[in-house]
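Each residue of the sequence shown is one higher than the one before, starting from 283 at the first, in my numbering. Just so you know, even glycine gets a beta-carbon here, dropped at the ideal spot from N, CA and C. Source: prediction; values computed, not measured. Presented below is the structure to which this report refers.
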Amino acid sequence: MTSTLTEEIKSIALALGFHRVGITSVEPVEEAGRHFSTWLADGFAGEMAYLSKSPEVRADPRLRFPEAKSVICLALNYYQSPPSDAVPKETLTGKIARYAWGEDYHLIIEEKLTQLIAAIEARGGRCWKGYVDHGPLLERAFAERAGLGFIGKNTLLITPDYGSWVFLAEVVTTLDLDEDTPALFECGSCRRCLEACPTGALTEPFRLDARRCLSYLTIENKGEISEPLASQMDGWLFGCDACQEVCPYNRRPIETDEARLSAAQGAGPSLLLEEVRAIEDNRQFKARFGHTPLVRAKRSGLIRNAAAVEHAQREGE
């Protein structure tokens with residue numbers, strides 16, 4: 283009965299558009315929890331104070347949902363090739379991380395999670411909400427244990443089929459489902475991601491100092507981008523894909539079939555810096571980017587990033 287129910291839940295998730303599904307128990311991910319606590323204590327979270335709230339819950343969902351038995355871990359491929367009408371390189375532009383080219387993935391995945399949770403509840407299960415990178419859960423650790431992939435030296439989850447070009451989501455449920463086996467592949471001696479990071483944010487394998495990471499600096503950081511980091515942005519206006527672009531597991535990417543992630547639905551792979559500077563107010567900003575991940579940086583953050591990118595580009599001429 284459990285095996286049949288497990289396969290049924292997985293089939294539903296795949297039918298909803300998720301590309302990988304794995305299941306693990308709600309037993310705590312103790313080693314990941316210790317690593318996370320050390321990471322916080324070292325100040326590597328920067329200004330992301332929200333990460334320090336209830337860190338023990340992130341490693342042990344039973345503390346918030348005692349009746350839970352299983353964690354359903356999901357991955358959605360977001361890779362897409364740049365459109366053919368990309369802006370010429372000689373134009374002053376800022377690059378956008380691939381995950382943010384289209385519509386906001388939170389909106390897309392939350393719709394799928396709502397349907398998956400409804401299917402689980404129709405089969406007698408209860409759920410402790412669905413999460414897509416905004417809940418108190420060490421999602422990469424649970425996803426690794428659920429067999430979706432392994433955590434690489436760049437701290438991202440790397441899947442066998444889609445590399446690290448995936449969004450993660452989870453559903454914690456009372457259903458007692460069959461567990462999957464962790465994946466058996468790893469980075470080996472490869473250090474390409476550490477060598478490619480433009481700011482040295484990967485201080486050692488599996489250890490990221492967010493305060494130096496361009497994704498943090500261009501999105502979560504609320505202050506100015508100081509030197510020498512401002513000169514090391516390598517053209518990134520929002521986010522950064524440097525460590526992913528050099529990863530051997532990302533050599534043969536598979537194009538996503540999720541139409542709403544298409545660059546045509548959002549900001550695309552780059553923006554003209556003059557277009558960013560021309561955004562007059564928050565209303566105009568939200569009209570242009572409110573349905574995309576770029577809204578996270580806010581108008582002030584995007585304009586700040588554009589100024590830093592332009593300064594670095596002109597200095598390099």
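- The beta-carbon separation of Leu356 and Ala295, rounded to 6 Å, stays under the 8 Å limit for a contact.
- If you compare the alpha carbons of His301, Ile291, Ala423 with that of Pro343, the shortest gap goes to Ala423.
- Within the same chain, and ignoring the five residues on either side of Tyr531 in sequence, the residues whose Cβ sits closer than 6 Å to its Cβ are Ile440, Gly445.
- Along the length of the stretch 439-508, whole beta strand (DSSP E) runs at least 3 residues long occupy 448-455, 484-486, reported in chain order.
- Excluding residues up to 5 positions away in sequence, Lys394, Gln397, Leu398 lie with their Cβ nearer than 8 Å to the Cβ of Leu298 in the same chain.
- Between Gln514 and Pro480, the CB-CB gap stays under 8 Å.
- In the structure shown, Ile378 adopts extended strand secondary structure according to DSSP, grouped into three states.
- Listed in chain order, the non-local C-beta contacts of Ser285 below 8 Å within the same chain comprise Asp460, local neighbours out to five positions each way being set aside.
- One alpha carbon belongs to Gly505, the other to Arg493, and they sit about 11 Å apart.
- Secondary structure within the stretch 326-355: the alpha helix (DSSP H) runs of 4 or more consecutive residues, fully enclosed, are 337-341 (chain order).
- Using a C-beta cut-off of 8 Å, the stretch 529-547 makes no contact with the stretch 451-465, since fewer than three inter-stretch Cβ pairs fall below that distance.
- Three or more Cβ pairs closer than 8 Å define a contact, and the stretch 404-419 falls short of that threshold against the stretch 547-566.
- Checking the DSSP bridge columns, you'll see Cys409 partnered with Thr455.
- When the beta-carbon positions are compared, Asp462 and Gly431 stay at least 8 Å from each other.
- In the structure shown, Trp321 adopts helical secondary structure according to DSSP, grouped into three states.
- With contacts defined by Cβ atoms closer than 8 Å, Gly517 and Lys377 form a contacting pair.
- Residue pairing from DSSP places Phe432 in a beta bridge opposite Ile440.
- Excluding residues up to 5 positions away in sequence, Ala492, Arg493, Tyr498, Glu502, Asn503 lie with their Cβ nearer than 8 Å to the Cβ of Gly328 in the same chain.
- Residue pairing by DSSP places Val303 opposite Leu356 in a beta bridge.
- Checking the DSSP bridge columns, you'll see Leu554 partnered with Thr375.
- Cβ atoms of Val308 and Val339 stay farther apart than 8 Å, at about 12 Å.
- Pro365 is a Cβ neighbour of Ala545, given a cutoff of 8 Å.
- Inclusion of Ala524 and Ala478 in the CB contact set at 8 Å is warranted, their separation being smaller than that value.
- Comparing alpha carbon positions, the residue from Ile390, Ser363, Gly482 closest to Phe326 is Gly482.
- With contacts defined as CB atoms closer than 8 Å, Leu466 and Gly407 fail to qualify as a contacting pair.
- Assignment of Leu419 by DSSP, reduced to helix, strand and coil, places it in the coil class.
- Around the CB of Tyr332, fewer than 16 other CB atoms lie within 10 Å, so the residue is classed as exposed.
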